[in-house]
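Remarks on the structure that follows.
Residue numbers (the working numbering): 2 to 296.
Below, the structure written as C-alpha cells:
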C-alpha cells in the first residue's frame with residue numbers, strides 16, 4: 002500500500018531508504034541540509050522540501066535518518082522543525098541510532114504535541130534497505146507500530162516491536178555489541194589464517210552452516226583477507242554505538258569486559274585517522290606497523 006512519507010536525512014542510509022520507498026510506490030518528501038543529497042533523491046522522483054517543517058506538513062509518516070539525539074531533537078522540535086508543521090496523529094519513525102534515555106524524552110515531548118513516536122533503529126545497512134530486507138527493532142505504542150507497517154513493510158524483512166519507547170534503541174545497542182565483537186573475531190581469525198598459511202578467503206565457505214558461521218563472517222572475511230575497505234559501515238559509527246552500550250552498562254551496573262576491549266581498539270583506530278574507514282579496516286589493527294598498514 003503506497004502512502005505519503007517524509008524523510009529527513011538523506012545521507013548514505015537515508016538515500017537507500019528513500020530509494021526503496023520510491024521504488025515501492027510511495028510519494029516521498031525529503032529534506033536535508035545538504036541540497037546535493039536532496040537532489041539525488043529528487044532525480045529518482047522525490048519532492049524536495051524546504052524545511053523539516055514542510056516535511057511535517059506534507060506526510061502522515063516521517064522517517065528520520067540522522068546522526069545524533071541533538072540533531073534529531075533540532076529536526077523535530079527546533080525552529081522550522083517537524084512539529085511546527087505536522088498534524089496531530091502524525092507518526093515519526095526515528096531510524097537513527099541514539100541513546101535510549103534521549104529517545105524516551107523525545108517520545109514524551111512528541112506525545113505532548115499529539116505526535117506519535119516510534120524508535121526504529123536498523124541493522125543491515127544500505128544494501129539491505131535497497132532490497133527491503135532491513136532488520137528493525139522498534140519501541141513505542143503497539144497501535145502505532147501496526148500502523149507504521151504501511152511504510153516499514155516495504156523496508157524491512159524483520160520488524161519487531163520490543164517494548165515501549167526506548168526499547169528499540171536498547172535492542173540496537175545490544176545488536177551493535179554483538180556485531181562489533183563479531184567484526185573483531187573475524188579480523189583476528191583472518192590474521193591467524195594468513196599467518197598460518199591458510200587461504201582466509203576460503204574459510205567462509207568451509208565453515209558455512211556450522212556453529213561459527215555468521216552473516217558478518219560471510220560478508221567480511223573475504224573483504225578483510227583482500228584488504229578491501231569499500232565503505233558499507235564506518236568505524237566511527239561503531240564507536241558511537243559502543244559508547245552508548247557502555248553508558249547503558251554503567252546505568253544498569255552490567256559488566257562488559259569484552260565490549261570494553263573492543264571499544265578501545267575501535268577508538269585506537271579512530272585516533273589513527275581511520276574513523277571514516279569501513280569496518281573491514283579493523284584488519285589494520287591486527288596487521289600492525291610491521292606489515293605497513295597502521296602507523
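Built from N, CA and C at the ideal position, the CB exists for glycine as well. Please read all numbers here as calculations on a predicted model, not as lab measurements.
Problem - Whole-Å CB distance - residue 18 paired with residue 188, under 8 Å assumed - result: That belief does not hold up - the Cβ atoms of residue 18 and residue 188 are roughly 29 Å apart, past 8 Å.
Exercise for the section: Would you check if the distance between the CB atom of residue 270 and the CB atom of residue 217 is smaller than 7 Å? Expected result: no
Practice task
Buried or exposed for residue 251, please, with buried defined as at least 16 other CB atoms from any protein chain shown within 10 angstroms of its CB.
Solution key: exposed
Problem - Helix, strand or coil at residue 235 according to DSSP, with G and I counted as helix - result: strand
Problem - Reduced DSSP secondary structure (H/G/I, E/B, other) of residue 14 - result: helix
Handout entry: Selection from 101, 162 and 29 that minimises the alpha carbon distance to residue 249
Key = 101
Exercise for the section: Just grab the DSSP bridge partners of residue 157 for me. Expected result: 135
Practice task
State yes or no: is the C-beta of residue 169 within less than 7 Å of the C-beta of residue 148?
Solution key: no
Handout entry: Alpha carbon of residue 21 to alpha carbon of residue 8, nearest angstrom
Key = 12 Å
Practice task
Spell out a yes or no on whether the stretch 224-231 and the stretch 256-267 are touching, meaning 3 or more CB-CB pairs, one atom from each, closer than 8 Å.
Solution key: no
Handout entry: Stretch-stretch touch, CB-based, cutoff 8 Å, three pairs: the stretch 36-46 with the stretch 78-95
Key = no
Handout entry: Beta-bridge partners of residue 184, as assigned by DSSP
Key = Paired residue(s): none; residue 184 is not in a bridge.
Practice task
In the DSSP assignment, find the beta strand (DSSP E) that holds residue 269 and state where it starts and stops.
Solution key: Here residue 269 belongs to no beta strand (DSSP E); instead the alpha helix (DSSP H) covers 258-270.
Exercise for the section: For residue 8, write down the residues that DSSP places opposite it in a beta bridge. Expected result: 31 and 64
Handout entry: Other residues of its chain near residue 284: CB distance less than 6 Å, five sequence neighbours each side excluded
Key = 188 and 225
Exercise for the section: Would you decide whether residue 123 is buried or exposed? Buried here means 16 or more other CB atoms lie within 10 Å of its CB. Expected result: buried
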